[in-house]
Amino acid sequence: MIRWAETGDLETLVTVEFAADGMFAPMGIFFPPGTTMIEECDDPESVIVAGRPPLGFAMLGTVDGLAHLEQLAVHPDHGRRGIGTDLLTAACDAAVAAGAAAMTLTTFRDVPWNAPWYAVRGFAVLPPEAWGPELTALVRQEHALGIDVEPRVVMRKAL
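Under UniProt numbering, the sequence shown has 139 at position 139, and the numbering climbs by one with no breaks.
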């Protein structure tokens, strides 16, 4: 079941986020302390969830006037069942309904369930010269937090 998050879901989403982030550790990728859900999400209406209680989520924002996928995470115990695809589809549908012409995101270039996964779903790498000022600032912020730009990429999908 794909739905908009409710205030009571946010604590569960922290557990989902930590579990999903843990999948990167075997590749030597570690995230800064804290979570997106705790530090950045104060509005459940910007989050689409799968399940009750949530098994995964897509957090949406706006960057340079376009929809931006802040984060998509599925608990690894429920991975490889189409939940991520369903969440991404719902996020794109919500962006279209809000009038967005495209969606952007930042992701790891070489992680199979990151850039290659998004590419199969219609996203393409966006070169730095095509980034707007807010997207450029976002990439710089990620770098400052220790999430290196390389091997990260910015991707975009026309909606």
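Using N, Cα and C, we set each Cβ at its ideal position, and we do this for glycine too.
Boundaries for residue 134: no beta strand (DSSP E) harbours it, while the alpha helix (DSSP H) harbouring it runs 133–144, taken from the DSSP string.
For residue 102, the uninterrupted beta strand (DSSP E) segment begins and ends at 102–108. Three or more pairs of CB atoms, one per stretch, sit closer than 8 Å, so the segment 135–149 contacts the segment 99–107. Per DSSP, the continuous alpha helix (DSSP H) segment holding residue 22 begins and ends at 10–22. Here residue 75 is buried: its Cβ has 16 or more other Cβ atoms, across all protein chains shown, within 10 Å. Looking from the CA of residue 27, the closest CA among 145, 19, 110, 121 belongs to 110. According to the DSSP assignment, residue 61 belongs to the beta strand (DSSP E) that extends over 56–63.
Contact check for residue 49 against residue 97 fails: the beta carbons are separated by 8 Å or more. For the pair residue 123 and residue 87, the CB atoms are not nearer than the 8 Å cut-off.
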